[in-house]
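Beneath this line is the structure, given in structure tokens, with notes to follow.
Numbering (this note's numbering), first residue to last: 10 to 171.
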């Protein structure tokens with residue numbers, strides 16, 4: 010008779026990675042599996058979840074469908090912002106480590122809008138300051154992307170001023 014064992018969260022993530030690797034899936038699929046597990050674990054633990062929509066200043070009056078769910082550990086403000094970026098790369102036999110998919114989500118403060126010159130003219134971009142990393146699932150693939158500005162952290166900005 011086989012002995013059963015309860016899987017720990019680390020075992021589940023390792024198993025997800027092993028399963029994904031055996032099917033030769035992209036890193037985005039692996040990360041999506043891990044993020045899905047984080048969201049389902051948060052639900053099981055009774056943590057607060059928060060739905061997200063794409064921020065688009067030109068459509069602020071129109072209702073936009075939800076396209077993300079985040080594990081919310083802090084207080085809920087009137088308007089909170091999460092910056093999510095992803096870059097999908099097709100991995101071929103000629104690829105190297107720089108060709109991997111990337112994904113990140115940060116809880117941010119939207120400090121202002123600034124005008125920057127992008128080579129074709131002046132354009133307005135939001136200035137964001139990172140508060141913390143955040144877990145969640147986003148389903149915005151194929152959506153319009155906007156460029157943003159992340160200022161140097163205060164400690165790094167002070168270097169060279171003294």
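For glycine and all other residues, C-beta sits at the position ideal for the given N, C-alpha and C.
Start and end residues, beta strand (DSSP E) containing residue i
i: residue 58; result: 57 to 61
i: residue 145; result: 145 to 147
i: residue 79; result: 77 to 81
i: residue 135; result: 131 to 142
Integer Cβ distance of residue i from residue j, believed to fall under 8 Å
i: residue 78; j: residue 146; result: 5 Å
Residue j beta carbon less than 8 Å from that of residue i
i: residue 40; j: residue 51; result: no
i: residue 76; j: residue 61; result: yes
i: residue 141; j: residue 116; result: yes
Distance between residue j and residue i (C-alpha atoms, nearest Å)
i: residue 148; j: residue 88; result: 20 Å
i: residue 113; j: residue 85; result: 21 Å
i: residue 153; j: residue 74; result: 14 Å
i: residue 167; j: residue 143; result: 27 Å
i: residue 132; j: residue 81; result: 33 Å
i: residue 121; j: residue 65; result: 15 Å
i: residue 44; j: residue 83; result: 19 Å
i: residue 53; j: residue 46; result: 10 Å
i: residue 130; j: residue 42; result: 41 Å
i: residue 125; j: residue 49; result: 41 Å
i: residue 119; j: residue 163; result: 16 Å
i: residue 93; j: residue 38; result: 16 Å
i: residue 95; j: residue 63; result: 14 Å
Unbroken alpha helix (DSSP H) run spanning residue i, endpoints
i: residue 163; result: 163 to 166
Checklist entry - At a cut of 8 Å, does the segment 153 to 165 reach the segment 135 to 142 through at least three beta carbon pairs? => result yes
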